[in-house]
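> Got a structure for you, questions after.
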Amino acid sequence: MRETWVVGAASSRYGKMPDTGRETATRVALEALDRAGIDPKAVGHTFVANAFGFTERQAHIGPLINSALGIPDVPSLTVESACSSSSAALHEAFVHVAGGFLDVALVIGFEKLSQIDTLEATSDFALAADYPYETLNGATFPGLYATIASAHQKRYGTTSAELGAVAIKNHANAARNPHAQFQKEISLEKYLASPIIASPLRLYDCCPFSDGAAALVVAAKDALPSPSTEPLVIRASVRSGSLGDVHDRADLTSLPATKTAAAAAFRASGLTAAGIDFLEVHDCFTIAELIALEDLGFFPAGSAGRATVEGLTARDGKLPVNPSGGLKAKGHPVGATGAGQIVEVFEQFNGLAGTRQVPKAETALTHNVGATGSSCSVHIFSRR
Amino acid sequence: MTDAPPRDAPPPSPPPPTHSIAEFRRGYESEQRLRGYRSACGFVTATWGLICPSCGQRDLTDGVLSSRGRVAAYSVQTVPTAEFVNDAPYAYVIVELDGGGRITGWMPSIQSPEQLAIGDRVRWSPTYRTGVVFERETPASGDPTASP
């Protein structure tokens, strides 16, 4: 395998974008290439992630983006893995570049949802659950994670204040992130006063519906020995899966795919949890951040909530988690989310994170979940 | 000369299970039963499959799941999908069935989280409404169940 780098990255601001997903994604892709100092004509393949293109009445978007980038003859593949679509697209790019099939690949993730209302978005998201066995029996996506939260509370005594601490921390980080949808802090009082969406989860436990785009330029070290940016060395790119239905899993309080992906990623990278400086994890709901930290092996099962209350995962804590603001407050434009996490790593490694810069950014882990953990990506990065 | 089978013939395998997603839905919609299967390893589920996701065996026995059990996890949802737009709030439940295995369903009668607890006993309540509907088990309720 060849050493493979992320040499350029860019993101739109998440929230509501005025243009189509196609236009924003293409602009962000060109920005990532320009940041890397790479001409679009050097790209051998694009991997485009988009989960809900049907809401924009557009499928097979990749060739349209390539055409708009002036590279109509370059092949494109659209990757769908629910909320982990663009980390899956990065994995595809990694496999091709590390395997020697491509020198430079472009990963583009985007989503445009602001044209649909809450009822339609809630219904569309629920399509990524098991329709006849979960959705038709009443499940929504917040509801599925809420059942996990209820089981976690029952087993470990996880409290509302612990869930709230995740939301408060991530809002504080997002307040310093110009890419974030919510650039405002919240208090525990405000958190506790927010309405129940799916008990025990309140409005401020839930990520928003978001528009957004993010792009990554992936290149072989051999092909680009002197990059113009501080590259992210991809030390591990791992995908895993687990039983599609939450209720069929033996343990309702964790996501087995996270555990298997983390174990394989640490093994491939040669690093341990103690060697990771900061994390971007999949916090579509506050409970998801807690179980991610436990399943990834950074905290014992049932203890991540307490660690969050104690500030260990704050931006200036011992292990900064989601310095971007996470899905919770930076936003969750489904197809862009996984790539967007890596944009944060790129900006942290390159000293571009402004007032949210973490104390140490030599290594990082990103964790991106599809649906309720039936798909999972874990990437580990280090400096050269 | 012997009639030996070709060397690349696949090994004989048990006949595929007859259950289907359509049969699962027909079962609870009109046949008064929750259909599922039990695997050789003991894994029980209603979720359609050809090979047991727990042990990898193809030896799946179709059957009828118990219609009673305990709440393993739940959430009272206030923001529904289009299928349940006129029903919220209600509880979405994961039920640990008495004969093994879990199934999901919803409880129209539960409208706030304080009205239900993990461990509470519930039973399937066949209805014209969408999906698998559960209600609290009462001492008087009959038992229309079998085990797979």
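Keeping their order, the protein sequence lines are chains A and B. Residues 1 to 384 (the numbering used here) make up the first sequence, in order. Residues 1001 to 1148 (the numbering used here) make up the second sequence, in order. Cβ coordinates follow ideal geometry from the N, Cα and C atoms, glycine included.
1) Which class does Ile1135/B belong to by DSSP, given the choice of helix, strand or coil?
2) Going straight from the alpha carbon of Cys1055/B to that of Pro132/A, what length do you get?
3) Return the CA-CA distance between Lys169/A and Ser1112/B, expressed in angstroms with no decimal places.
4) Would you kindly check if the distance between the Cβ of Val238/A and the Cβ of Ala220/A is under 8 Å?
5) Can you list, in chain order, the residues of its chain with a C-beta nearer than 7 Å to that of Leu69/A? Leave out the 5 residues immediately preceding and following it.
6) So is Ser240/A in contact with chain B if we call contact Cβ pairs under 8 Å?
7) Val378/A bridges to which residues according to DSSP?
8) What do you reckon, are the CB atoms on Pro227/A and Ala36/A nearer than 8 Å?
9) Which residue marks the beginning of the beta strand (DSSP E) containing Thr1061/B, and which one marks its end?
10) Using 8 Å as the limit for Cβ to Cβ distance, is Leu252/A near chain B?
11) What residues match up with Gly1036/B in a beta bridge as DSSP calls it?
12) Would you say Leu137/A lies against chain B (beta-carbon separation less than 8 Å)?
13) Going along the chain, which unbroken runs of the alpha helix (DSSP H) with 4 or more residues stay wholly within the segment 36–98 of chain A?
14) With a threshold of 8 Å, are at least 3 pairs of Cβ atoms found where one atom belongs to the segment 95–108 of chain A and the other to the segment 186–195 of chain A?
15) Straight-line CA distance for Ala371/A to Gly311/A?
16) Would you say Ile380/A faces chain B, with C-beta separation under 8 Å as the test?
17) Closer than 7 Å, Cβ to any Cβ of chain A: which residues of the segment 1063–1097 of chain B, in chain order?
18) Which value, in whole angstroms, describes the spacing of the CA atoms of Val345/A and His60/A?
19) Which chain B residues sit within Cβ distance under 7 Å of His91/A?
20) Roughly how many angstroms separate the alpha carbons of Arg1038/B and Gly143/A, rounded to a whole number?
21) Would you check if there are 3 or more beta carbon pairs closer than 8 Å linking the segment 124–131 of chain A to the segment 287–300 of chain A?
22) What residues of chain B sit near Ser123/A, judged by a beta carbon separation below 7 Å?
23) Is Thr158/A helix, strand or coil by DSSP?
24) Quick one: which chain A residues come within Cβ less than 8 Å of Ala1046/B?
25) So if I threshold CB-CB distances at 7 Å, which residues from the segment 1116–1133 of chain B count as touching chain A?
26) Apart from the five residues on each side of it in sequence, which residues of its chain come closer than 8 Å, Cβ to Cβ, to Gly244/A?
Based on what the coordinates show:
1) Here residue 1135/B is Glu; the residue named in the question, Ile, does not match the sequence. Residue state, collapsed to three classes: strand.
2) So the two alpha carbons sit approximately 23 Å from each other.
3) Distance between the alpha carbons of Lys169/A and Ser1112/B: 28 Å.
4) Ala220/A places its beta carbon 8 Å or farther from that of Val238/A.
5) Residues Thr26, Ala29, Leu30 and Pro40 of the same chain have their beta carbon placed closer than 7 Å to that of Leu69/A, with the five preceding and five following residues left out of the count.
6) Taking Cβ atoms only, chain B never reaches closer than 8 Å to Ser240/A, which makes this a no.
7) Looking at the DSSP assignment, Val378/A forms a beta bridge with Val238/A and His367/A.
8) Cβ distance < 8 Å, so Pro227/A and Ala36/A count as in contact.
9) Leu1060 to Leu1065 is the span of the beta strand (DSSP E), which, as asked, contains Thr1061/B.
10) Yes, Leu252/A lies at the interface with chain B (some Cβ there is under 8 Å from its Cβ).
11) Gly1036/B is bridged to Gly1063/B.
12) As written in the sequence, residue 137/A is Asn, which differs from the Leu given in the question. Interface residue, yes.
13) Taking 4 residues as the minimum length, the alpha helix (DSSP H) runs contained wholly in the segment 36–98 of chain A are 62–68 and 85–98, in order along the chain.
14) Contact fails: fewer than three Cβ-Cβ distances are below 8 Å.
15) Going from the Cα of Ala371/A to the Cα of Gly311/A covers about 28 Å.
16) Any Cβ of chain B closer than 8 Å to the Cβ of Ile380/A would place that residue at the interface, and such an atom is absent.
17) Cβ contacts with chain A: Ala1072, Ala1073, Tyr1074, Ser1075, Val1076, Gln1077, Thr1078, Val1079, Pro1080, Thr1081, Ala1082, Glu1083, Phe1084, Val1085, Tyr1090, Tyr1092 and Ile1094.
18) Each residue's Cα considered, the two are about 29 Å apart.
19) Result: empty, since nearest Cβ-Cβ is about 23 Å, beyond 7 Å.
20) Going from the Cα of Arg1038/B to the Cα of Gly143/A covers about 27 Å.
21) Because the criterion of three Cβ pairs below 8 Å is not met, the segment 124–131 of chain A and the segment 287–300 of chain A do not touch.
22) The CB of Ser123/A comes closer than 7 Å to the CB of Thr1081 and Ala1082 in chain B, given here in chain order.
23) The three-state secondary structure of Thr158/A, taken from DSSP, is coil.
24) Among the residues of chain A, those whose CB is under 8 Å from the CB of Ala1046/B are Tyr133, following chain order.
25) Per Cβ criterion, the list reads Ile1118, Thr1130, Gly1131 and Val1132.
26) Excluding sequence neighbours, Gly244/A sits near Asp130, Ala371 and Ser374.
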